[in-house]
Every structure is written in C-alpha cells, then in structure tokens.
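Student: For the sequence shown, position 265 matches number 265 in the numbering used here, and the numbering has no gaps at all. Where a beta carbon is used, it is the ideal one built from N, C-alpha and C, also for glycine. The structure under discussion is supplied below as structure tokens; questions concerning it will follow.
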Amino acid sequence: MRKVVIIGSGCAGNTAAIYTARANLSPLVVGGHEPGGQLSLTTEVENFPGFVHGVMGPELVENMKLQAERFGAEYRHGTVIEADLRQRPFRLNIDGEWIEARSLIVASGASARWLHLPSEQKLIGHGVSSCATCDGFFYRGKEVMVIGGGDTAMEEANFLTKFAQRVRLVHRREEFRASKIMLERARANPKIEIITNSVVEDVLDVAEGHVTGVKLKNVVTGEVTLYPIDGFFVAIGHIPNTKPFVSQLDLDSEGYIVSHGGARTNIEGVFHAGDVQDKVYRQAITAAGAGCMAAIEAERWLEEQGVY
Ligand code: NDP
Numbered sequence: 001m002r003k004v005v006i007i008g009s010g011c012a013g014n015t016a017a018i019y020t021a022r023a024n025l026s027p028l029v030v031g032g033h034e035p036g037g038q039l040s041l042t043t044e045v046e047n048f049p050g051f052v053h054g055v056m057g058p059e060l061v062e063n064m065k066l067q068a069e070r071f072g073a074e075y076r077h078g079t080v081i082e083a084d085l086r087q088r089p090f091r092l093n094i095d096g097e098w099i100e101a102r103s104l105i106v107a108s109g110a111s112a113r114w115l116h117l118p119s120e121q122k123l124i125g126h127g128v129s130s131c132a133t134c135d136g137f138f139y140r141g142k143e144v145m146v147i148g149g150g151d152t153a154m155e156e157a158n159f160l161t162k163f164a165q166r167v168r169l170v171h172r173r174e175e176f177r178a179s180k181i182m183l184e185r186a187r188a189n190p191k192i193e194i195i196t197n198s199v200v201e202d203v204l205d206v207a208e209g210h211v212t213g214v215k216l217k218n219v220v221t222g223e224v225t226l227y228p229i230d231g232f233f234v235a236i237g238h239i240p241n242t243k244p245f246v247s248q249l250d251l252d253s254e255g256y257i258v259s260h261g262g263a264r265t266n267i268e269g270v271f272h273a274g275d276v277q278d279k280v281y282r283q284a285i286t287a288a289g290a291g292c293m294a295a296i297e298a299e300r301w302l303e304e305q306g307v308y
C-alpha cells in the first residue's frame, strides 16, 4: 500500500515527487507513456527561472527526477491503464498489475496532437514544435508556419509575429473553428498570411537534421507548393491523458480534469497537477507550481486521515 502515487513524470509529477518525498511520504511515480512529459520533446528551454543561459528540456526534467530520487521517490516504468477511485484505498492497474494507494496525484499531462508525418516526428525539437511560447524566441527575423484553425493556432500565430518576419497560418478547411475575435486579430496582422484548404504533405529536411521547408497540398486544386521556412508549429490541439478516470473524476467537455479548488478533484484524496487540468497556461513552470500545490494538499489530507 502506497501513501502517495503520482501518475506522470513531467514537470508537475516530478515536482510533486520532490515535495512528497521530502515530506517522508515515499511516493511512487508512474512514468506514463511519455516519460518526462512534454519537456522531453523539446530542446532548449530559456524561460524556466534559475537558468541564466537556458537548459535543455530533457536535462531539466531528468534533474528533477534525480532530485526526487535523492529524497526517496521511487520511479516505475509503465502506464496506468485503469483506475478504481470509487473506494479507498484507490486501486490502479499499471500495465496489468494492480497496486493500491491512499492518495493520488494525477499529473498525467496533455499530449500535443501531431500530424504524425514521419518527417514531422523526426524533426521535433529541430524546427518542429508544438509550443510557440516555448520556442518562438528562436525564430527572430525568420519565416515560420503554424498549422491549425482553432484558437490555439490563432494565438500562436499572433505570438510568433513578435519574432518572425512572416508567419504562414495553414488550415485544412475554408471555415475556422477559432472564435471570431481571434480569427479577426490574425487576419488583421500584416505579418500573418493565411493559407486555407491546405494540408501538409511533408516537412523538409530530415537529411539536414532541421526544418528548411514544407510541402503543402491544396485540397481543392491538388496543387503542391514548397514553402521555404525555418520553424514549423503544430497547433491542432492537445489531448488530456484522462482516459482511465472517465466517469470517476469530473472532466470537462474536452476531457480535462475540473478543479474543485486548489489541487482538489471531486474525489477526496485525489489531487490534480499540471496540464491534465490546465489548458490555459501549459508552461513547465506553472506545471511545476501545480505539482507543489498538489503535494502540499496531499500531505495535509493524509495527515488529517492519520497517515504519516
Ligand atoms: P481545437 O480543437 O479548437 O482546434 C484544433 C484545430 O486543429 C482545428 O481547426 C482542426 O481543424 C485542426 N486540426 C485537428 N487535427 C488536424 C489535423 N490532423 N490536420 C490539420 N488540422 C487539424 O483546439 P485548440 O487547441 O485550438 O483549442 C482548444 C480549446 O482551448 C478551445 O476550446 C479553444 O477555444 C481554447 N483556447 C482558447 C484560447 C483563448 O481564448 N485565448 C487560446 C487557446 C485555446 P478542423 O477545424 O478542420 O477540425
């Protein structure tokens, strides 16, 4: 029986692990299907406080893990495929093996949705990004492309015009899912060129090891056009990793955990941290802060239950 099980090993999970380990709760961290979370998919991180010259994403998240392990956190490979939160202790099925926990911190994150083109996947962190806030700064004076037709794509395209000299916003249809105001803002921005009815055929150039261009196909005319670009931002949404908790935890229409104040969920003893609940900020530092909050709440709740 574990006092605390932390589901997810990104910034939120690792921070919760550091705090609960230092509170002598010997947490178990279940790594998940993307160990290290979204930071493990980035290259340089320049906006995490405390690193004057930046830090590599995978190094930052690995350091957090080592820090948590120093205080006694245990990490386990695997993914929670089923959860029974209807009774206490809570039960989790990790790749076929059930374990029990007195409290849970759900920090399973939200995975960026990708196009899943082989070239896109190979160039992630080398010109392909799912986060303009994280990587926009690297494209000062350059040409970038944003894929998507929702509010995130509009927001990212606008944000990127602070740095890039031209932003091409590419959407697969004529109509946009984005709210009118966000779309109008993008349309009014002279640095943004909107390309509709177009899908990505290929991202170049895997052989060179970084993004040099993109081939777009117009779905109406069938014409394929090559656009030389330096950065390729995929903004087609995120998928919160909440499948095992459906119909137990309160989730919103998109599947994100609904907070019941602080780090609390609708179930006593189950806490949330990071992107699995946050679709607004989605930053490493906000996820880390949320992990700290969840750990403190879990510790207090366990104390109230007489578990030390
Ligand atoms: P959405 O699901 O709203 O939009 C995703 C977009 O990506 C759609 O235009 C969709 O196209 C497109 N898309 C999906 N899959 C593919 C694919 N395989 N190839 C090409 N295009 C694809 O996600 P968002 O992240 O934009 O927004 C999520 C939520 O967050 C929304 O509720 C949004 O309003 C909110 N939000 C609010 C903001 C704000 O108010 N400041 C900022 C950011 C997000 P199609 O339309 O054809 O399906």
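I'd like to know whether the C-beta atoms of R22 and A101 end up nearer to each other than 8 Å.
Tutor: no
Student: Helix, strand or coil: which one does DSSP assign to M145?
Tutor: strand
Student: Tell me the DSSP secondary structure of V206 in three-state form.
Tutor: coil
Student: Is any heavy atom in the ligand NDP found nearer than 7 Å to the beta carbon of E155?
Tutor: yes
Student: Whose C-alpha, out of R177, K217, M182, D202, is nearest the C-alpha of I195?
Tutor: K217
Student: Using beta-carbon positions only, say whether G32 and I6 come within less than 8 Å of one another.
Tutor: No, the Cβ-Cβ distance between G32 and I6 is not below 8 Å.
Student: Could you work out which residue in V220, N266, R282, V206 is closest to P118 when comparing CA atoms only?
Tutor: V206
Student: Which one of T212, D84, V4 has the shortest CA to CA distance from L315?
Tutor: Not covered by the structure: residue 315. The range shown for the chain is 1 to 308.
Student: Work out the CA separation of S129 and A164 for me, nearest whole Å.
Tutor: 14 Å
Student: The alpha helix (DSSP H) with S130 in it runs from where to where?
Tutor: Here S130 belongs to no alpha helix (DSSP H), and DSSP marks it neither H nor E.
Student: Check whether the Cβ of S179 sits closer than 7 Å to any heavy atom of the ligand NDP, and report yes or no.
Tutor: Correct: S179 has its Cβ closer than 7 Å to the ligand NDP.
Student: State the start and end residues of the unbroken alpha helix (DSSP H) segment that holds W301.
Tutor: 284 to 304
Student: Could you check if T133 belongs to the surroundings of the ligand NDP, using beta carbon to heavy atom distance under 7 Å?
Tutor: no
Student: Anyone know if the C-beta pair for T20 and V4 falls short of 8 Å?
Tutor: yes
Student: By a C-beta neighbour count over all protein chains shown, 10 Å radius and 16 as the cutoff for buried, is E254 buried or exposed?
Tutor: exposed
Student: Cβ of I147 versus every heavy atom of the ligand NDP: is any distance shorter than 7 Å?
Tutor: yes
Student: Classify M56 as helix, strand or coil using the three-state DSSP reduction.
Tutor: strand
Student: Considering only DSSP beta bridges, list what G213 is partnered with.
Tutor: L204, P228
Student: Are there any heavy atoms of the ligand MN lying less than 7 Å away from the beta-carbon of L115, as far as the coordinates show?
Tutor: For the ligand MN, the structure offers nothing, since it holds only the ligand NDP.
Student: What residue from A186, A288, K191, N14 has the CA that sits closest to E69's CA?
Tutor: N14
Student: Sort R168, M293, A73 by Cα distance to I18 and report the nearest one.
Tutor: A73
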